[in-house]
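What follows is one structure encoded as structure tokens, with my remarks underneath.
There are 2 protein chains.
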Amino acid sequence: MAKQEQSATEAVAPLLRVIPLGGLGEIGKNMLVLESGENLLIIDAGLMFPTSEMHGIDIVIPDGTYVIDRLEQVRGVVLTHGHEDHIGALPYFVEQGLRAPVYATALTQGLLEVKLREQKLLGEADLHVITADDVIELGPFTVEFFHTTHSFPDSVGVSVTTPAGRIIHTSDYRFDPTPVDGRPTEEQKLRKWGDEGVLLLLADSTNAERRGSTDSEATVETMLEEVMSQAEGRILLATFASNLGRVQQVINVARRHGRRLGVIGRSMVNNVRIAIKLGYLDIAEDELLTAGEMESLPGNQVVIVATGSQGEPTSAMVRMSMGDHRQLALREGDTVVLSATPIPGNEELFNRTVDNLFRQGANVLYHELGNVHVSGHGGQDDYIRMLDLTRPRYFVPVHGEYRHLVLHARLAERWGLPKDRIFVIEDGETLEFGGFAGDSEMTARRGEKLEAGHVYVDGLGVGDIGNVVLRDRKQLSQEGFIVCIIAVDEYDGEIIYGPEIISRGFVYMREQEDLIRRAQEAVSKVVKKKAPTAVLENKIKDALGNFAAREIGRRPMVLPLVIEV
Amino acid sequence: MAKQEQSATEAVAPLLRVIPLGGLGEIGKNMLVLESGENLLIIDAGLMFPTSEMHGIDIVIPDGTYVIDRLEQVRGVVLTHGHEDHIGALPYFVEQGLRAPVYATALTQGLLEVKLREQKLLGEADLHVITADDVIELGPFTVEFFHTTHSFPDSVGVSVTTPAGRIIHTSDYRFDPTPVDGRPTEEQKLRKWGDEGVLLLLADSTNAERRGSTDSEATVETMLEEVMSQAEGRILLATFASNLGRVQQVINVARRHGRRLGVIGRSMVNNVRIAIKLGYLDIAEDELLTAGEMESLPGNQVVIVATGSQGEPTSAMVRMSMGDHRQLALREGDTVVLSATPIPGNEELFNRTVDNLFRQGANVLYHELGNVHVSGHGGQDDYIRMLDLTRPRYFVPVHGEYRHLVLHARLAERWGLPKDRIFVIEDGETLEFGGFAGDSEMTARRGEKLEAGHVYVDGLGVGDIGNVVLRDRKQLSQEGFIVCIIAVDEYDGEIIYGPEIISRGFVYMREQEDLIRRAQEAVSKVVKKKAPTAVLENKIKDALGNFAAREIGRRPMVLPLVIEV
Chain A
1 MAKQEQSATE
11 AVAPLLRVIP
21 LGGLGEIGKN
31 MLVLESGENL
41 LIIDAGLMFP
51 TSEMHGIDIV
61 IPDGTYVIDR
71 LEQVRGVVLT
81 HGHEDHIGAL
91 PYFVEQGLRA
101 PVYATALTQG
111 LLEVKLREQK
121 LLGEADLHVI
131 TADDVIELGP
141 FTVEFFHTTH
151 SFPDSVGVSV
161 TTPAGRIIHT
171 SDYRFDPTPV
181 DGRPTEEQKL
191 RKWGDEGVLL
201 LLADSTNAER
211 RGSTDSEATV
221 ETMLEEVMSQ
231 AEGRILLATF
241 ASNLGRVQQV
251 INVARRHGRR
261 LGVIGRSMVN
271 NVRIAIKLGY
281 LDIAEDELLT
291 AGEMESLPGN
301 QVVIVATGSQ
311 GEPTSAMVRM
321 SMGDHRQLAL
331 REGDTVVLSA
341 TPIPGNEELF
351 NRTVDNLFRQ
361 GANVLYHELG
371 NVHVSGHGGQ
381 DDYIRMLDLT
391 RPRYFVPVHG
401 EYRHLVLHAR
411 LAERWGLPKD
421 RIFVIEDGET
431 LEFGGFAGDS
441 EMTARRGEKL
451 EAGHVYVDGL
461 GVGDIGNVVL
471 RDRKQLSQEG
481 FIVCIIAVDE
491 YDGEIIYGPE
501 IISRGFVYMR
511 EQEDLIRRAQ
521 EAVSKVVKKK
531 APTAVLENKI
541 KDALGNFAAR
551 EIGRRPMVLP
561 LVIEV
Chain B
1 MAKQEQSATE
11 AVAPLLRVIP
21 LGGLGEIGKN
31 MLVLESGENL
41 LIIDAGLMFP
51 TSEMHGIDIV
61 IPDGTYVIDR
71 LEQVRGVVLT
81 HGHEDHIGAL
91 PYFVEQGLRA
101 PVYATALTQG
111 LLEVKLREQK
121 LLGEADLHVI
131 TADDVIELGP
141 FTVEFFHTTH
151 SFPDSVGVSV
161 TTPAGRIIHT
171 SDYRFDPTPV
181 DGRPTEEQKL
191 RKWGDEGVLL
201 LLADSTNAER
211 RGSTDSEATV
221 ETMLEEVMSQ
231 AEGRILLATF
241 ASNLGRVQQV
251 INVARRHGRR
261 LGVIGRSMVN
271 NVRIAIKLGY
281 LDIAEDELLT
291 AGEMESLPGN
301 QVVIVATGSQ
311 GEPTSAMVRM
321 SMGDHRQLAL
331 REGDTVVLSA
341 TPIPGNEELF
351 NRTVDNLFRQ
361 GANVLYHELG
371 NVHVSGHGGQ
381 DDYIRMLDLT
391 RPRYFVPVHG
401 EYRHLVLHAR
411 LAERWGLPKD
421 RIFVIEDGET
431 LEFGGFAGDS
441 EMTARRGEKL
451 EAGHVYVDGL
461 GVGDIGNVVL
471 RDRKQLSQEG
481 FIVCIIAVDE
491 YDGEIIYGPE
501 IISRGFVYMR
511 EQEDLIRRAQ
521 EAVSKVVKKK
531 APTAVLENKI
541 KDALGNFAAR
551 EIGRRPMVLP
561 LVIEV
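Chains A and B are the protein sequences, given in the same order. For the first sequence, the positions run 1 to 565 when our numbering is used. For the second sequence, the positions run 1 to 565 when our numbering is used.
Below you can see the structure in the form of structure tokens.
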């Protein structure tokens, strides 16, 4: 009986599949695919910055095999805003042949163009600028947008009307009654869609740990007011280059205090220029201070925005904290505001930067000392409000590490959604929607699990590095290596050269000549007798491994090489 | 005139030198030396856990060259409490020949004995147990103690009467009206010493960023009460193995709720045993649950304390979060409390552990969700109170990264100390006290700066690893290496073997045979002509470096080896 039901269920093809390729169970590289029949819609294609275990990796992009195998089925790509974790992987998909139209608001499009141009792919992409009031038909999908408040101007969330019903994907958002751009998240659209019926809500979980709501951006303005009235010298404020809302706040307050704006840090300069050009910043390019003016004007007429709010090693602020920035030197009396909260994993770099800024004599304000930053993501109260507005039938928490998804799911349950309408899924775990119950009601079920891992980008290599290389890098980072070479006569098998030892990261070779000599002796002892190359190599490996462990308690990677000449 | 004054000043020998060897400008490896004539007094000798840049390093100890060179002048060592960052380096000094008497309270001594025994040094050390009411004469120093509230039972701060006057060193402390052990920090002693006159206060700066005071330990008890009343299954609480106060709290609350205590994790089991033996925990060893009972008893009768509150990879809690602990498996319905705040740098490991515990089906409580932990260090209000009690003539903030020292110094200035009586100094920067002003008043001046860096311990090697090896390990971790070998005929210089390439961490050799072949070709091209070995090696290095950069955008370490056979 149960069996019969099950096969009846399986016979019904889904009307819609939800395929998360990134951002569920892990922060970053956000990418969601909706599939209906042979039609795919992609929402965002972001990158992730490597965790500390991903040695030497530059960036991480989603494993998009499922999409790459079906490029001709992609009806469109929608980008919700211009942060790296939402657009950074798109050039790699274009490189793989993605030619479907890409829709985004103007500033997002502007930043994407820079990326595509850098990778010489601008001519390959089919870019379209939209506004939050546009409606786009893409195959079976009708895509609408709602403006959201986030730390990127002109961000949008997405509503997709699919054959199974309406899906709302919030992307990154918050509710803020007093946003910098004066345009709050469009609640009226959300409420209207909620009235009409929402099949599935996919909602941002980044701050699921935060009770209440996030402070208004206006609190940062209050902080800026205070700092600008009190500081007698220059003010330097570090923030993400993409946080152009913060830059606008600085401009607003600076005007009231007779301070003029300087910009340093390559990506900040680029972004500010694009934003000015596209009308996203209320300042003219020729109003900006030159490097000379930043040094020569009286300190109380200067405010500078810079990169480096996370302590990124090559950023302007970090170079200044070390006293080796090309253009600008900090001086006693400068006030530095690090307008950010360190991302988990960045605390060491962040704290060291604060220490070094203090060592330079600057007065430093950072998150532990005041309201220097507010998150662009809402807290639990925002989540409840989103549920209130949209009243979805099903709910999937997205954009979060696993604990955030669980906490957001619990919140939705407390809000009133039955537990079986909430799915905590991770990247690659699909959901299917269709009339599986046999009546007209749409229901959801878990679908097959796809491969959806990391694709590592290291230099020019995309995807060639996997766990083997990373494991080697980890061992090398902790223990170093020993290569041991001997040459044997190809005719009589006598050792005619070596053992020669090359080693790095194991001991300081120059000061450990005696240790190295004894290591050579340990090898010599075990390779006295003639033997096949492979046997000799194994003996060398064991001898050196044991020697290193016994003599100095380390486990270097040992690579023997026996050559026959 | 000014010059004359100066030389007059320099002629006066200091009566006391304060020599910080660790813990000032950097958290951990706390070690302070007081010097008067040819007499040294050491307060604490701790270790530091490596930062993420110290690849492969096990622990870091202070550079104690100044002490090692003057071992016969050491009159005594005082240990304030048994945390690793206060006692962990002592065995290394004993190994170097330190035989002066070591004074500590019983539990600190007990933990130190374990360390010394492990390193086969117990017979070499001259250990003495003291209580907070003892007075010790050590050469020109009279050492007294005051009990402090800290996350280690029976912690003390130190007063040292020196020829220059009284020095108070708080070590780690907080004020707490309701401490777990019922013994608050001894304010009456501090006030009395303050009345008598304090030349110098050296005070803990760990929480200098925290406004107000730290919550009482009693708030953790409230949390434990709540969790134990609500949880229907087992409760597992992770904390530092040395936080025996927390363990006692668990015992207290568990008794009221009919739960029995289990202990897992090697260091936790060891510490609990020692603490029971020395009377620091109010429980008998045979009351503890066996591993079998932790599994078989009804969940609501079980509470388990475990190591792993920081997400330490080999700890009991982390193994359980991965489902591979030897003794215990988590199950649905278990409640896990991570009773700690992640130390900066540990957030990634910590967060991953929380995620994995949720994946195991446990309900997880951690610092973002409630009052699971309070710091053993006071906040700014405690600092003010310490100044109120001791009213020192001079002030040096200790135990903190640079920003903490600066913030604590500012606080002391706001409290009322003149700026020139406050010294922000870092490890190795000495202070001298004497009658430099020519009258009877003791004054302070900066003395010479000593070497006081890191000594890295890696395996059995103490101090052999320096920046060269660490730089190599860093490069290896990010780029890997290529070793390229060719053999040339020692008579005619013809290449008779190679180029052979060995590489790890650069590309996945098995899947990149073509790339490796082309790398060999690139080498072959540049070594066609006979040349001296060094010339050939340089050519190989350049050729492979350029090849890797051009072909795959990476910069591996390239090590050429030309052998003559």
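Built from N, CA and C at the ideal position, the CB exists for glycine as well. Values in this document were obtained by computation on a predicted structure and should not be read as measured data.
Exposure of residue i, with buried meaning 16 or more beta-carbon neighbours within 10 Å
i	result
ASP427 of chain A	buried
SER296 of chain A	exposed
LEU357 of chain B	buried
ALA284 of chain A	exposed
LYS539 of chain A	buried
SER229 of chain A	exposed
ARG393 of chain B	buried
VAL361 of chain B	First, the residue type needs correcting, since residue 361 of chain B is Gly and not Val in the sequence shown. Result: exposed.
VAL535 of chain A	exposed
GLU429 of chain A	buried
ASN351 of chain A	buried
SER315 of chain B	buried
ALA8 of chain A	Bear in mind that the predicted position of ALA8 of chain A carries a pLDDT of just 45, short of 50, making it too unreliable to give a figure here.
PRO14 of chain B	buried
GLN119 of chain B	exposed
ALA2 of chain A	In this prediction, ALA2 of chain A scores a pLDDT of 39, lower than 50, which makes its location untrustworthy; the coordinate-derived value is nonetheless stated afterwards. Exposed, because fewer than 16 other Cβ atoms sit within 10 Å of the Cβ of ALA2 of chain A.
Residue(s) in a DSSP beta bridge with residue i
i	result
GLY22 of chain A	A:MET31
VAL406 of chain B	Beta-bridge pairing links VAL406 of chain B to no other residue.
GLY262 of chain A	A:ILE304
HIS203 of chain B	Looking at the sequence provided, one finds Ala at residue 203 of chain B rather than His. Per DSSP, B:PRO397.
PHE146 of chain B	B:GLY157
PRO62 of chain B	B:HIS454
Contact check, residue i vs residue j, beta carbons under 9 Å
i	j	result
VAL129 of chain B	ALA100 of chain B	no
THR307 of chain A	MET322 of chain A	no
VAL74 of chain A	LEU40 of chain A	yes
ASN300 of chain B	GLY258 of chain B	yes
ALA452 of chain A	ASP63 of chain A	yes
SER481 of chain A	GLY447 of chain A	Reading off the sequence shown, one finds Phe at residue 481 of chain A, where the question assumed Ser. No, Cβ-Cβ distance for PHE481 of chain A and GLY447 of chain A is not below 9 Å.
GLY553 of chain B	GLY461 of chain A	yes
ILE485 of chain A	TYR497 of chain A	yes
PRO177 of chain A	SER151 of chain A	no
PRO153 of chain B	GLY22 of chain B	no
VAL253 of chain A	GLU293 of chain A	no
GLY233 of chain B	LEU199 of chain B	no
GLY434 of chain A	LEU16 of chain A	yes
GLY378 of chain A	MET386 of chain A	yes
Nearest residue (CA-CA) to residue i, options the options
i	options	result
ILE425 of chain B	B:PRO392, B:LEU450, B:GLU441, B:GLN301	B:LEU450
SER339 of chain A	A:LEU201, A:VAL372, A:ILE563	A:VAL372
HIS86 of chain A	A:GLU124, A:VAL156, A:TYR66, A:ILE502	A:VAL156
LEU47 of chain B	B:LEU24, B:VAL77, B:GLY82, B:ALA89	B:ALA89
GLU53 of chain A	A:GLY76, A:SER205, A:ASP472	A:ASP472
PRO20 of chain B	B:VAL33, B:ILE27, B:GLU26	B:VAL33
PRO50 of chain B	B:GLY376, B:GLU490, B:TYR456, B:VAL469	B:TYR456
CB-CB length for residue i against residue j, believed under 8 Å
i	j	result
ALA208 of chain A	GLY400 of chain A	6 Å
GLY265 of chain A	LEU289 of chain A	Wrong, their Cβ atoms sit about 14 Å apart, outside the cutoff.
VAL78 of chain B	VAL158 of chain B	6 Å
GLN327 of chain B	ALA275 of chain B	Not quite, the Cβ-Cβ distance comes to about 21 Å (not below 8 Å), so this is no contact.
Residue i beta carbon near the ligand SAH (any heavy atom closer than 8 Å)
i	result
ALA13 of chain B	This structure does not include the ligand SAH; it has no bound ligands of any sort.
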